[in-house]
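A.B. asks: Just passing along the structure, written as structure tokens.
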Amino acid sequence: MLHKLLVYIYLRKLDINEDNVYSVLITADYLSILGVLDLCCQFLEEHLTPKNCLGTLSFAQSHFCRDLSNNSWKYIMKNFAQIAVESDEILSLSLNQIQDIINSDDLNVKSEETVWEVILRWIDHDTENRRKHIVELMKCIRLGLLDTQFFLEHVKEHPYVSSSEESRPMIIETLKFLYDLEMITHSPNNIRSGSQFLIIWSPRDGEVITPEIARPRVPHEILFAIGGWSGGSPTNFIETYDTRADRWVKVEEVDPAGSRAYHGTAVVGFKIYVIGGFDGMDYFNSCRCFDAVTKTWKEVAPMHSRRCYVSTSVLKGTIYAMGGYDGHSRKNSAEKYDHRTNQWSLIAPMNMQRSDASACNLDGKIYITGGFNGQECMHSAEVYDPELNQWSLISPMRSRRSGVSCIAYHGSVYVIGGFNGISRMCSGEKFNPLTNTWTPIPDMYNPRSNFAIEVIDDMIFAIGGFNVCISGVTTIYHVECYDDKTNEWYEATDMNIYRSALSACVIDGLPNVHDYIHKHRDKLMEEKRQKMIALENHRNLVNDQNNNNNHDTIAAAVNANMQQLNILQQLNGHLNPALPPAHVPDPLPMQVEPDENEEH
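Below you can see the structure in the form of structure tokens.
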């Protein structure tokens with residue numbers, strides 16, 4: 074070992090591997106050879122995995138390697154879902170160690186069920202000595218965020234919990250909260266006054282509060298929705314989506330250069346590049362860069378061509394811009410941007426001219442799908458190989474799609490929505506590169522074109538866009554998400570404004586993530602209550618205008634919501650004394666504003 078260190082001192086050469094890194098680090102620490110210490114910490118950081126990160130954290134803490142300790146902790150927070158399944162080190166953690174991890178607001182878990190399963194796994198490893206800690210560990214779970222049925226069947230009835238008298242107050246508190254949640258979500262007739270609530274009503278402030286057991290953790294990914302077409306003109310409005318709170322948050326730092334729509338966005342590091350587009354008069358070749366850490370905008374090098382309806386993608390830190398419309402013709406040209414040199418350079422042109430297409434990257438290649446060639450909506454698609462600088466046609470899609478969105482997801486290219494020359498579409502399909510085939514996926518709830526798409530929280534999100542209603546084509550603010558594990562679409566919270574022709578992107582691991590998330594996590598329940606009251610007021614107004622007292626409609630609404638009523642009754646059965654079930658009304662659609670600008 075000393076020989077290795079002497080070689081480093083004189084030659085600045087050191088062979089570090091998994092077999093010797095710990096012994097080298099310990100010796101370097103003892104001899105205060107800081108250069109070797111830094112190299113060892115860097116090696117360990119680069120080789121963090123779900124299976125070794127907990128041990129690395131413990132080692133770093135015991136040897137006062139602060140940077141390695143901090144980075145190991147961040148890795149654990151970000152990758153906890155994998156660690157929970159793959160790591161055996163988690164079974165050897167002390168009570169305090171596992172509490173510190175699962176109690177953190179920064180813990181990246183899509184569902185609190187993951188935390189519950191980890192607790193059971195940890196206790197099962199040494200049941201005799203650890204089951205007594207069940208209550209202490211349950212305090213680390215956001216019990217109010219668990220699915221009601223899961224809580225009733227898997228938590229409340231678990232032998233570790235049911236046999237613990239100390240857990241009873243926590244169980245009762247959670248049951249009361251879940252009851253209140255059902256009341257707010259499905260029973261607006263009973264939520265104007267706080268008299269029906271059990272634990273979340275604050276008489277002093279006259280509003281409901283969100284208890285600690287239901288306050289969401291901090292997301293590790295932030296989705297940005299930028300610009301677009303709203304209210305008959307372009308907008309520079311920016312909002313972010315907080316996946317944990319299911320809320321959209323307005324970003325004040327809009328681009329001072331002005332609004333744009335039909336543009337592309339690309340993320341490199343913590344910077345967002347806004348590329349091309351249209352402001353209602355000019356077609357842009359300009360590119361703007363937003364630093365999400367410093368919250369500042371700057372102009373970067375312009376593209377070689379003006380590109381509205383542009384398709385963009387990022388591959389290994391290089392930004393690609395393809396196709397589009399310059400005000401005169403559709404383009405088959407493409408170019409790439411190197412952020413290190415601030416230069417655009419042309420790449421091989423596509424096989425076909427296309428604007429209003431969509432692009433994504435998968436397995437080191439760029440796919441572009443659909444679009445409009447000036448005469449018709451297209452169903453062709455092609456792939457770019459950067460190693461060969463060559464475009465190749467792939468099998469055409471099953472449907473023609475312009476204003477389409479495509480995204481890489483779980484090894485396939487998903488294309489969703491768009492305009493087929495006749496109507497907006499809610500259908501989707503996915504491309505398998507191995508078989509060169511397209512297969513359909515379930516339809517979205519809302520037909521749409523010229524919308525944004527992104528993957529966040531391991532789901533595909535479709536955001537805003539054009540839709541069609543009785544009054545014509547309109548911009549929408551509706552958001553829905555697709556999970557391939559269930560093969561279903563789900564509704565998410567709507568954006569703050571109606572818009573189409575927007576672009577979205579996701580930044581992972583922002584150091585200032587708190588600047589972009591919902592600030593008042595204690596007021597989430599009050600926001601939900603106010604939304605339900607507004608919905609009820611709108612419903613009553615429509616009912617008054619139509620003088621609709623159709624008893625069949627009322628009966629249908631009641632039948633449609635029996636599942637929610639059953640949940641309330643189950644919760645009532647677990648509380649003593651029993652509480653009355655609440656009426657569940659049927660939701661009404663929200664009005665949307667027209668958008669006059671579209672290509673087709």
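For the sequence shown, position 313 matches number 386 in the numbering used here, and the numbering has no gaps at all.
Note that the Cβ used here is the ideal one computed from N, Cα and C, for glycine as well.
#1: In whole angstroms, what separates the C-alpha of E326 from that of A133?
#2: Determine whether the beta carbon atoms of P513 and R471 lie at a separation below 8 Å.
#3: Based on the DSSP output, what are the partners of I467 in its beta bridges?
#4: Using a threshold of 8 Å, state whether the C-beta atoms of I529 and L296 are closer than that.
#5: Name the residue from T391, K596, L110, S378 whose alpha carbon lies nearest to the alpha carbon of G397.
#6: Would you identify the three-state DSSP class for A535, choosing helix, strand or coil?
#7: Consult DSSP for D617 and reduce its assignment to one of helix, strand or coil.
#8: What are the boundary residues of the alpha helix (DSSP H) that F116 is part of?
#9: Between C433 and A481, how many whole angstroms is the CB-CB distance? I'm expecting something under 8 Å.
#10: Could you name the residues that DSSP lists as bridge partners for R497?
#11: Give the range of the beta strand (DSSP E) segment to which R320 is assigned.
#12: Count the CB pairs spanning the region 148-156 and the region 104-123 that are closer than 8 Å, and state whether there are at least three.
#13: Out of curiosity, what's the CA-to-CA distance linking S184 and Q426?
#14: Could you tell me whether the Cβ atoms of G444 and S428 are closer together than 8 Å?
#15: I need the DSSP call for M598, collapsed to helix, strand or coil.
#16: Which first and last residues belong to the beta strand (DSSP E) in which L435 is found?
#17: In the DSSP output, which residue or residues are listed as bridge partners for R403?
#18: Report yes if the C-beta distance between W370 and C360 is below 8 Å; otherwise report no.
#19: Span of the beta strand (DSSP E) holding A339?
#20: In the DSSP assignment, find the unbroken beta strand (DSSP E) run with Q416 in it and report its ends.
#21: Determine, using beta carbons only, whether L127 and I89 come nearer to each other than 8 Å.
#22: Hey, R572 and S303: beta-carbon distance below 8 Å or not?
#23: Hey, how far is the Cα of N93 from the Cα of Q115?
#24: Nearest to E553 by alpha carbon, out of Y518, P584, A574?
#25: May I ask you to list the residues that DSSP assigns as paired with E564?
#26: Would you mind stating whether C381 and Y410 have Cβ atoms separated by less than 8 Å?
#27: For L87, count neighbouring Cβ atoms within 10 angstroms of its own Cβ and tell me buried if that reaches 16, exposed if not.
#28: For L461, which residues does DSSP report across the bridge?
#29: Are the CB atoms of R594 and T385 within a distance shorter than 8 Å?
C.D. replies: Reading from the atomic positions:
#1: Cα to Cα, the separation comes out at about 39 Å.
#2: yes
#3: Bridge partners of I467: A454.
#4: yes
#5: S378
#6: strand
#7: Helix.
#8: 107-119
#9: 5 Å
#10: F492
#11: Per DSSP, the unbroken beta strand (DSSP E) holding R320 starts and ends at 320-324.
#12: yes
#13: 44 Å
#14: yes
#15: helix
#16: Here the beta strand (DSSP E) through L435 covers 431-435.
#17: Y398
#18: no
#19: 337-341
#20: Residue range 416-420 is occupied by the beta strand (DSSP E) that includes Q416.
#21: no
#22: Yes.
#23: 14 Å
#24: Nearest Cα to E553 within the set Y518, P584, A574: Y518.
#25: Answer is E553, bridged to E564.
#26: The beta carbons of C381 and Y410 sit no closer together than 8 Å.
#27: Buried.
#28: L461 pairs with nothing; no bridge assigned.
#29: Against a cut-off of 8 Å, the Cβ pair of R594 and T385 comes out as no contact.
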